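Residue numbers (our numbering), protein chains in the order written: chain A, 25 to 315; chain B, -15 to 376; chain C, 5 to 202. Note that CB positions come from ideal geometry on N, CA and C, so glycine has one too. In this text the structure is predicted, and so the values were computed from the model without any measurement.
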Amino acid sequence: MAEREPNVAEEESTVAEPRTIDHYLHTDRFPHIWCPGCGLGTVTAAFLRAALELGLEKERTVVVGGIGCSSRAVGYLDFGTVHSIHGRALAFATGIKMAHPEFTVIVLTGDGDGAAIGGNHLIHACRRNLDITTILFNNNVYGMTGGQASPQTGMGGIATTAPFGFDEPSFDLCRLAEAAGATYVARGTSYGVRQLQRLIRDGITHPGFSFIEAVTQCPTEYGKRNPPKGPVQMLENLKEKAIPRKKAEGMTPEELEGRIVTGLLHRDESVPELTASYARMLERVRGSADE
Amino acid sequence: MELWYTHLMRESIDQDSLLVQGNRACALGALDAGVRFFAGYPITPSSEIMEVMARELPAVGGVFMQMEDEIASICACIGASLTGEVSMTATSGPGFSLMQEAIGYAIMAEAPSVIVNVMRQGPSTGRPTTPSQGDVMQARWGTHGDHPAIVLAASNVADMYRLTIAAVRFAQRFRMPVILLADEIVGHMRESFSPEIAGRYRLTSGDFDFTETYTHPEMVREVHAPHELGTLIHPHVTGLIHDETGFPTNDPKKSEQFLRELHDKVVHHRDELCLYDVKNVGKGRVAVVAYGSCARSARAALKLAEQEGIPVEVLHLYTLFPLPVEIIQELARRVEFILIPELNLGQYAREVRRLAENWTTVVSMGRVDGNLITPRDIVDRLAELVGKYESS
Amino acid sequence: MSEALTLTAGLLSSREYVEVRFGGSGGQGVILMGVILAVAGTRDRRHVVQTQSYGPEARGGYSRSDVVLANAPIDYPQVQGLDLLVALSAEAAAKYSDMLRRTGFLIFDSDEISSPPLVEATSYGIPFSRLAIETTGRTQTTNILALGAVAGLTGVVSVASLEKAVLSMVPKGTEEMNLNALRRGLSLTPEEWRRPSA
């Protein structure tokens, strides 16, 4: 197995012309499948700007998606890309990262892909603390299949499979990830793109499992049935509801009802990262075998 | 030359003999074939395979992962396989059911991996420590959509070792998942065999040496260049129908071409893939076609039947899929009927029947009480059938 | 080897195909007996298949381990009849004795089985448990002592192979003790084994 080296440019890029995110895009694959007003492209762009900041090498970066609108992003990205199966992106990514610890591995998933069908893989990936960065695009709905309820649709939300209002509470995905053992947990929105970019960048450099929830808007399938209608209104809503963690700390649960707490929510560098501890185990086993 | 079957030889009782448990032999075959990535989830009666891998892989610098379920296990294997690793998982019925969607992905994405299914009685939880051959058609058609399959069946401990190596080589060469079926009896028994036969088969179908001739298997490149994440050669992998660039396509012509080529790469190499052995070629009026544990019963029945004056031909199949079409049809032309003993209700008999019914009568002999079909059972049934034929 | 033992030794070693079952209750080391016999048979250059009860069957009080030894490759892997049944519990003796061939052997622990099943096969009752306590002070060596007696009485495997097999299979640190048990089993006197009145 190759030595583990951080896939991050040590200094500023020496390339003469400043790169744009097109550097990491298969622009020949455009037009993309996303609807006008959709937030998935905004979140993807925040990830790509973070990648530019870090100077991620295409050859050593693998981006894995599951199935759904968000996971389709991998089809437009000029890295090693795996468009896997529904809910299992993290399981694929686990195999890739364990086989090649030197790769930077990013998982793009959605609220259906990551929190419903892939929920078990998500909590186990958090627990393992393998150095993978997961960006979960949360738009509260199954968009690709036409507006069915997701675990994140929320009480009272209308969906094609919840025509009289959804009766089930949602996960607090960030608290779930933290409780499951993720060592970097953050939340941003597709309104606060600069904050989101920073959170993703820091998640990628964090040596352990990073979970970033990107709250975003689906005007076509969610906004159509739930207020506020329209992409601009949905973005304004995200802006109004977002509240930085520091500010939220002094607020009561009642005051925080319906708010989106953003920023770095949890970070723990004391937990061993899995590829590193696996490498130490190999050394131990092979060392004792040589004796 | 350095001994290549080093893991196997560590089991040797002395230089000429081995006594190994079937599941253990499977793991040793994987290690000697170069498998360096294993992800699995415990399930009876296959768990010993993952236990051996957990113990042995670190010493050779490999990766062992116990995943949260069988879906994650096969997906992690595919992930590793996409980076160029040879990966393997092992399971039994319930876990094999969970793996089906991902097996289709590996076929679509042309990701080599080996899936061992040590069969137990099903459906559902069934009888976990009871041998069965109930997953034969699932191995062929378990995942959705039209797809090719390579399915091997082990009948003894040496097979568990050799066929695992064969499965790895086939997976690498044809760039697809290869399924190795065993059953509880073969998986749990300990059996002696000579290290001389490690990796080799001397069969009616020709001599197979998966160690020398397959050391650097040339890939069958009828479809696409291989994926190797980390190289940016063919960098996008998808379970969507895709074209030669690896990116999705909705073009009807390209879609059909892609699916046909996936099939053809297997079907066009049937000669190479179909491993079988015929005993008593051309000497029997009747034939027994069998695989796995039942092939052992059939081979024992052949001797017993001879003593009782019923000449029998036995076709022992090591490869169930792709179907050995020509072999079965040639046999069908030679004999008056074919008996197929199986630990299921006639799954493979249906396949043989549709290939052979123009020439001969195919009789299914299924047993699902959890016991093996004995040589006596087979001989009695043959005698009954021969009698019936003569009196009619 | 004692004179008494040479009377029967070699009976099973001369047969081309031998089917053996060890039966007892969980914890008596019956599975290990099968594995050791299989290793010894392999050392004797015989073809060997060993199978055993698994899972619920193995935990229901019964424990069973079968070994087939042959001069040619073994096709059918399970026992179809028994040439040798070694029973360490009354239940095992009763449950499996029907499978014994007339030319076979029933060898049982007479400390555990006071009224052995009536069989046409040659039957030996030997106080394995008591002999093990006397020899090593440990009931856990009963299985190895019984293996010694079985090999001595029937010649199913060679003594040299059996000794090596025992040494390779018993837990580290117990080799000496188990070897003592084995040798005690191999050197039974006619007074120590008796044929039940037929």
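Considering only their Cβ atoms, is the gap separating residue 232/A from residue 241/A smaller than 9 Å? Not in contact: residue 241/A and residue 232/A (Cβ atoms no closer than 9 Å).
As assigned by DSSP and simplified to three states, the class of residue 144/C: Looking at residue 144/C - three-state DSSP - the assignment turns out to be helix.
**Study point:** residue 237/B burial status per 10 Å Cβ neighbour count (16 or more: buried)
**Key:** Residue 237/B comes out exposed.
Is the stretch 81 to 91 of chain A touching the stretch 120 to 137 of chain A, taking contact as three or more C-beta pairs under 8 Å?
When Cβ pairs closer than 8 Å are counted between the two stretches, the stretch 81 to 91 of chain A is seen to touch the stretch 120 to 137 of chain A, the count reaching three or more.
Exercise for the section: Could you have a look at residue 120/B and say whether DSSP puts it in helix, strand or coil? Expected result: Here residue 120/B sits in helix by DSSP.
Practice item. Find out if the Cβ-Cβ distance for the pair residue 69/C, residue 54/C is shorter than 9 Å. Key: Less than 9 Å divides the Cβ of residue 69/C from the Cβ of residue 54/C.
Determine, using beta-carbon pairs with one atom in the stretch 93 to 104 of chain B and one in the stretch 164 to 174 of chain B, whether at least three such pairs fall under 8 Å.
Verdict: yes, contact present.
Let me check understanding here. Comparing Cα to Cα, which of 127/C, 42/C, 106/C lies closest to residue 114/C? Checked all of 127/C, 42/C, 106/C; the closest Cα to residue 114/C is 127/C.
Practice task
Compare the C-alpha of residue 116/A against each of 327/B, 78/B, 65/B, 114/B and name the closest.
Solution key: The shortest C-alpha separation from residue 116/A is found at 65/B.
- Proximal residues to residue 110/B (C-beta, below 7 Å), its chain only, five neighbours per side dropped: A distance below 7 Å between beta-carbons, with the five flanking residues on each side excluded, links residue 110/B to the following residues of its chain, in chain order: 77, 104.
Roughly how many angstroms separate the alpha carbons of residue 370/B and residue 284/B, rounded to a whole number? C-alpha separation (whole angstroms): 19 Å.
| query | In this structure, does DSSP put residue 99/B in helix, strand or coil? | reply | Here DSSP, grouped into helix, strand and coil, assigns residue 99/B to strand.
> Fully enclosed by the stretch 261 to 292 of chain A, which beta strand (DSSP E) runs are 3 residues long or longer?
Replying inline: Counting only runs of 3 or more, we get 266 to 268, 284 to 291.
Q) Using Cβ-Cβ distances below 8 Å, what residues of the stretch 347 to 374 of chain B are close to chain C? A) From the stretch 347 to 374 of chain B, only 356, 358, 359, 360 have a Cβ closer than 8 Å to chain C.
Original post:
What is the DSSP secondary structure of residue 163/C, reduced to helix, strand or coil?
Top reply: Assigned with DSSP and collapsed to three states, residue 163/C falls in helix.
* To do: Report the neighbours of residue 62/B on chain A: residues whose CB is nearer than 7 Å to its CB, in chain order.
  => Contact of residue 62/B with chain A by beta-carbon distance below 7 Å involves 116, 119.
Quick one: residues in its chain with C-beta nearer than 6 Å to the C-beta of residue 154/C, no 5 flanking neighbours on either side, listed in chain order? Only residues of its own chain outside the window of five on either side were considered, and among them 90, 111 have a CB closer than 6 Å to the CB of residue 154/C, listed in chain order.
*asked:* Let's see if you can read the secondary structure: which residues bound the alpha helix (DSSP H) around residue 332/B?
replied: Segment 331 to 340, the alpha helix (DSSP H) holding residue 332/B.
Under 9 Å, Cβ to Cβ, is there at least one residue of chain B near residue 166/A?
It does not; no Cβ of chain B falls within 9 Å.
Exercise. Can you list the residues of chain C that residue -3/B reaches, using a CB-CB cut of under 7 Å?
Worked result: Correct list: 43, 46, 47.
How many angstroms separate the CA atom of residue 253/B from the CA atom of residue 131/B? Taking the CA atoms as reference points, residue 253/B sits about 15 Å from residue 131/B.
Self-check item: Whole-angstrom distance between residue 65/A and residue 328/A, CA atom to CA atom
Solution: Because chain A spans 25 through 315 in this model, residue 328/A falls outside it and cannot be assessed.
For residue 10/C, I'd like the list of residues in its chain whose CB is within less than 6 Å of its CB, leaving aside the five on either flank, ordered along the chain.
Confidence at residue 10/C is low in this model, with a pLDDT of 47, below 50, so its placement is unreliable and the value that follows should be read with caution. The beta carbon of residue 10/C sits closer than 6 Å to no other beta carbon from its chain once the five residues preceding and following it are set aside.
Flag residue 412/B as yes if its beta-carbon sits less than 9 Å from any beta-carbon of chain C, otherwise no.
Residue 412/B falls outside the range modelled here, since chain B spans only -15 to 376, and no answer is possible.
Interface residues of chain A around residue 152/B at Cβ under 7 Å? Neighbours of residue 152/B in chain A, taken as residues at a C-beta separation under 7 Å, are lacking, since the least C-beta distance is about 16 Å.
Practice problem: Examine chain B for any beta-carbon lying closer than 9 Å to the beta-carbon of residue 22/C, and answer yes or no. | Solution: For residue 22/C, no Cβ of chain B is located within less than 9 Å of the residue's own Cβ.
ask   = To the nearest whole angstrom, what separates the beta carbons of residue 299/B and residue 271/B, a pair I think is in contact under 8 Å?
value = With 8 Å as the limit, residue 299/B and residue 271/B qualify as a contact, their Cβ atoms being about 6 Å apart.
- Task: Look at the alpha carbon of residue 98/C and the alpha carbon of residue 348/B, and state the distance between them as a whole number of angstroms.
- Result: When rounded, the separation of the alpha-carbon atoms in residue 98/C and residue 348/B is 36 Å.
(message) Would you call the stretch 171 to 187 of chain A in contact with the stretch 251 to 266 of chain A, where contact means no fewer than 3 C-beta pairs closer than 8 Å?
(response) Per the Cβ contact rule, the stretch 171 to 187 of chain A is not in contact with the stretch 251 to 266 of chain A (fewer than 3 Cβ pairs under 8 Å).
Here's the rule I'm using: 16 or more other beta-carbon atoms within 10 Å means buried, otherwise exposed. How should residue 13/A be labelled?
Within the shown structure, residues of chain A are numbered from 25 to 315, placing residue 13/A beyond reach of any answer.
Requested in this report: Hey, could you find the ends of the alpha helix (DSSP H) residue 84/C is sitting in?
Outcome: Counting along the chain, residue 84/C falls outside any alpha helix (DSSP H), and DSSP gives it neither H nor E.
Run through chain A and tell me which residues come within less than 8 Å of residue 47/B, C-beta to C-beta. Under the 8 Å cutoff, chain A gives 25, 122, 123, 302.
Worksheet item: Are the stretch 5 to 12 of chain B and the stretch 145 to 153 of chain B in contact at 8 Å, needing three or more beta carbon pairs?
Response: At 8 Å Cβ cutoff, the stretches touch.
Pull up the distance between the alpha-carbon of residue 24/B and that of residue 52/B, whole angstroms please. Between the alpha carbons of residue 24/B and residue 52/B lies a gap of roughly 9 Å.
Minimum Cβ-Cβ distance from residue 185/C to chain B less than 9 Å: No, its Cβ sits nowhere closer than 9 Å to a Cβ of chain B.
Discussion item. Is residue 51/B close to chain A? Criterion is C-beta to C-beta, closer than 9 Å.
Written reply: At a cut-off of 9 Å between beta carbons, residue 51/B contacts chain A.
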